[in-house]
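Visitor: Sending over a structure as structure tokens; questions will come in a sec.
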Amino acid sequence: MSEEIESVGALSTATLAAAALEGEAAHAAHEGHGNCANCQAPLSGPFCRMCGQQAHIHRSLLHLVEEFVHGVFHFEAKGWRTIPLLIFRPGVLTRRYIDGQRKTYVSPLALFLFMVFLMFFVASLGSKQSEPMRTADAVSGIQALIASRNVAIAETKAAVDKATAELEAARKEGKDTAELQENLDDAIEDQKNAEKVLLRLSEESAKLMEAVKAAKDAGQPAEAAVPASAGADVETHTADLQSAIDKIARERGVKGSNVTWTDRLIDKLKHKNAGHSDFPAVDAAIHHAIENPELALYKLKNTTYKYSFMLVPISLPFLWLMFFWRRGVGMFDHAVFVLYSLCFMSLLFDGVMLAGMAGWSAVAANLAIWVPPVHMFVQLRSAYGLGTFSALWRTVALTIVAAIVLLLFIVLVLMLSMH
465 MSEEIESVGA LSTATLAAAA LEGEAAHAAH EGHGNCANCQ APLSGPFCRM
515 CGQQAHIHRS LLHLVEEFVH GVFHFEAKGW RTIPLLIFRP GVLTRRYIDG
565 QRKTYVSPLA LFLFMVFLMF FVASLGSKQS EPMRTADAVS GIQALIASRN
615 VAIAETKAAV DKATAELEAA RKEGKDTAEL QENLDDAIED QKNAEKVLLR
665 LSEESAKLME AVKAAKDAGQ PAEAAVPASA GADVETHTAD LQSAIDKIAR
715 ERGVKGSNVT WTDRLIDKLK HKNAGHSDFP AVDAAIHHAI ENPELALYKL
765 KNTTYKYSFM LVPISLPFLW LMFFWRRGVG MFDHAVFVLY SLCFMSLLFD
815 GVMLAGMAGW SAVAANLAIW VPPVHMFVQL RSAYGLGTFS ALWRTVALTI
865 VAAIVLLLFI VLVLMLSMH
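Per my numbering, the sequence shown starts with residue 465, numbered consecutively.
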């Protein structure tokens, strides 16, 4: 819940910051007299001709509220003119802004700031944290888990028997048995660890059931007799057992396990022969992230949106290489192009996330695969005045560049978040 509140606060901050970047809109005009309160220049109208500040200075609390509301809704009004063009005619929007039509549309930097925070707000909606396990649910859940995982333990024993048979067969044939012996040792160790966790889980379940029975005999609610930490202990043992069983399942091929590519990656990094490089600081950071995955993910998320602006300077050199021989195309043009393109990609990410949350996985996949290159093509063609072929080959190149930039950004974020 705190993460969602933090995301809402960040989104509100982004809205106000974007409105501030857009500049102060004109309020009701008041003729000024004397000198400007900001730069002391002589006043000849409702605004200072030197610094642009209003001649009439408000000093009321109500005016602060008025500026807040006006700033938000002024930004929103410009947003309604900008977003449709960003989605359907991105090249036209880019070219108009480059050519000087600045007051009509939201500036690319302000829009980028807002879109990044909006993206992480939407992402936070999909990361629901599990509710603490109640005592009664803990007992029933533990019993069900024990029953199902006893079968998995039996499977791991079969895996040990299989490894033993393979080792004996290799010895009879005179083959090298070092690797097979290591596999058998690992299987035995994993089996023992899983059995220990299962034993702790059974003991915890028995304690909880005794406490619940004693509470019922005394006419008290079950939750009143059970320590507050009991549910957390049960959840910890449950997670330990699940992790141990899944680890064995991944390594021994046990059916019914919930295995993902991230699980395999973490297991490889945890292996005693993996995760070693020539950089001790990198090794320490990786192992720290493995031991504290939730903290690592939290730091990774914060670092990502804090340094999302780095996507712009990383992208500019690659985009410059596509146009360096064309006259009249400068780095400012590329910066506007990149910022508006990133704004759309952030908006697309929001749509993909919402479609995934709604269960429309096919729609989400098609949006993620086909929309980005089409949008790049349309924006390139109109923003730079390109022909079909010129825009097409640059779209292919830009797609490859986007993958490279994303990879470099991920490396940068990982380096910054692991320190």
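Beta carbons: idealized from backbone N, C-alpha and C, even for Gly.
Since this is a predicted model, take the numbers as computed values, not measurements.
In terms of residue numbering, what span does the alpha helix (DSSP H) encompassing L890 cover?
Guide: Nothing can be reported for residue 890, as the shown portion of the chain is limited to 465 through 883.
Visitor: Count Cβ pairs between the region 558 to 569 and the region 842 to 851 that sit closer than 8 Å; are there 3 or more?
Guide: Touching, yes.
Visitor: Taking L780 as the reference, give the member of Y769, S805, T768, R791 with the closest Cα.
Guide: Taking only the C-alpha atoms, the option nearest L780 is S805.
Visitor: Leaving out the 5 sequence neighbours to the left and right, which residues in its chain are closer than 8 Å to A692 when beta-carbon positions are compared?
Guide: Caution applies to A692, whose pLDDT of 47 falls short of 50 and renders its modelled position unreliable; the value that the coordinates give is listed next. Closer than 8 Å at the Cβ level, and outside the excluded window around A692, lies no residue.
Visitor: Output the boundary residues of the alpha helix (DSSP H) element that contains W857.
Guide: W857 -> alpha helix (DSSP H) spans 852 to 881.
Visitor: Within the same chain, show all residues whose beta-carbon is closer than 7 Å to that of V877, passing over the 5 residues directly before and after it, in chain order.
Guide: So the qualifying residues of the chain are L764, T767, T768, Y771.
Visitor: To the nearest angstrom, how far is it from the Cα of G498 to the Cα of L870?
Guide: Their Cα atoms are separated by approximately 55 Å.
Visitor: Can you find at least 3 beta carbon pairs, one from the region 815 to 824 and one from the region 785 to 805, that sit closer than 8 Å?
Guide: Too few Cβ pairs lie closer than 8 Å, so no.
Visitor: Going by C-alpha distance, which of K567, F813, F773 is nearest A799?
Guide: Of the listed residues, the one whose Cα sits closest to A799 is F773.
Visitor: Would you mind giving the Cβ-Cβ distance between L648 and A634, rounded to the nearest angstrom? I have them listed as a contact below 8 Å.
Guide: Actually they are not in contact, since the Cβ atoms of L648 and A634 sit about 11 Å apart, beyond 8 Å.
Visitor: Since E506 sits in a beta bridge, which residues does DSSP pair it with?
Guide: Per the sequence shown, residue 506 should be read as Pro rather than Glu. P506 pairs with N499.
Visitor: According to DSSP, is Q518 helix, strand or coil?
Guide: It is a strand residue.
Visitor: Let's test the definition: count the other Cβ atoms within 10 Å of the Cβ of S825 and tell me whether it reaches 16, buried, or not, exposed.
Guide: S825 comes out exposed.
Visitor: How close, in whole Å, do the beta carbons of T852 and M840 come, if the pair is a contact with beta carbons under 8 Å?
Guide: With a Cβ gap of about 14 Å, T852 and M840 do not count as contacting.
Visitor: Return the CA-CA distance between G564 and T546, expressed in angstroms with no decimal places.
Guide: Distance between the alpha carbons of G564 and T546 is about 15 Å.
Visitor: Taking the Cβ atom as the reference point for each residue, do L507 and C515 lie within a distance shorter than 8 Å?
Guide: For L507 and C515, no; Cβs fall outside 8 Å.
Visitor: What is the rounded straight-line gap between the Cα of S810 and the Cα of L589?
Guide: Each residue's alpha carbon lies about 15 Å from the other.
Visitor: What does the alpha-carbon distance come out to for the pair F584 and G815?
Guide: Rounded to the nearest angstrom, the two C-alpha atoms are 12 Å apart.
Visitor: Where does R716 fall in DSSP's three states?
Guide: For R716, the predicted model reports a pLDDT of 44, less than 50, meaning its position is unreliable; a value from the coordinates is still stated below. Of the three classes helix, strand and coil, the one that applies to R716 here is helix, per DSSP.
Visitor: At what residues does the alpha helix (DSSP H) containing Y569 begin and finish?
Guide: No alpha helix (DSSP H) contains Y569, which DSSP labels as neither H nor E.
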